[in-house]
Structure formats: C-alpha cells, structure tokens
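Trainee: Next up is a structure, given as structure tokens.
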Amino acid sequence: MQLIKIISKDFDIPDHLSESQLRKALVDAFAYLIDNDFSKLIQILYKADVDQYELKKMLETVEGLSSAEVIADAYIARQLAKVETWNKYSPKKD
C-alpha cells in the first residue's frame, strides 16, 4: 500500500494495517505529539505539505473530533492526494 509507505517515512508503523487501524495509530501518534513534542508535530505537517490555514480552519470548526483526529484526517487526506497524483502522472507499466 503506497499510503503506508509514505506515512512510514514519518512514523514507525507496521505495513499490514487496515485503514481504520492506520487512522487509530496516527490519531494516537498525533495526540502524543500534541502533548509532548509540538515542534516535531509541526515539522511532520510541514514536510507532508498539510495546508496550515485549512487545518486551522478545520480545528476551529469541526465538532465531535479531538484535535488529534482532525490532524490525522488532514494528514491522511494530504498523503492520499500525493498517492493519487503520483499514480496519475507516473509512467504506466504494461
């Protein structure tokens, strides 16, 4: 799974997780970073090219989710967009 390959550059995660397990692992990781290593959190989001203004808006307006869940969802969405772009523009193998 290309998504896990990308995410494993930022996080030490197993490569056999389902989507829900991956999201839970990332929520837990982001919750830890929020509480214990905010500079690393910012670095990961910057490196992943998560739009800071969109994320700020989401954190202010999304109800019913923790900050870690909102951040994880934004991070996953950005990484999925990268995978989609790479697949769209990578040479097709026959």
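Take 0 as the starting number for the sequence shown in numbering that gives the first Met the number 0 and just add one per residue.
Just so you know, even glycine gets a beta-carbon here, dropped at the ideal spot from N, CA and C.
Keep in mind the model is a prediction, meaning the values are calculated, not measured.
#1: Rounded to the nearest angstrom, what separates K58 and Y88 at their Cα positions?
#2: Does L32 pass the burial test, meaning 16 or more other C-beta atoms within 10 Å, or should it be called exposed?
#3: Give the DSSP-derived three-state secondary structure of K8 in the structure shown.
#4: So, I12 versus A24, is the Cβ gap smaller than 8 Å?
#5: Using 8 Å for Cβ pairs, my map puts D9 next to A47. What's the rounded Cβ distance?
Mentor: Straight from the coordinates:
#1: Here the sequence assigns Leu to residue 58, which means Lys is not the residue at that position. Taking the straight line joining both Cα atoms gives about 32 Å.
#2: buried
#3: In this structure, K8 counts as coil in the three-state DSSP scheme.
#4: yes
#5: 7 Å
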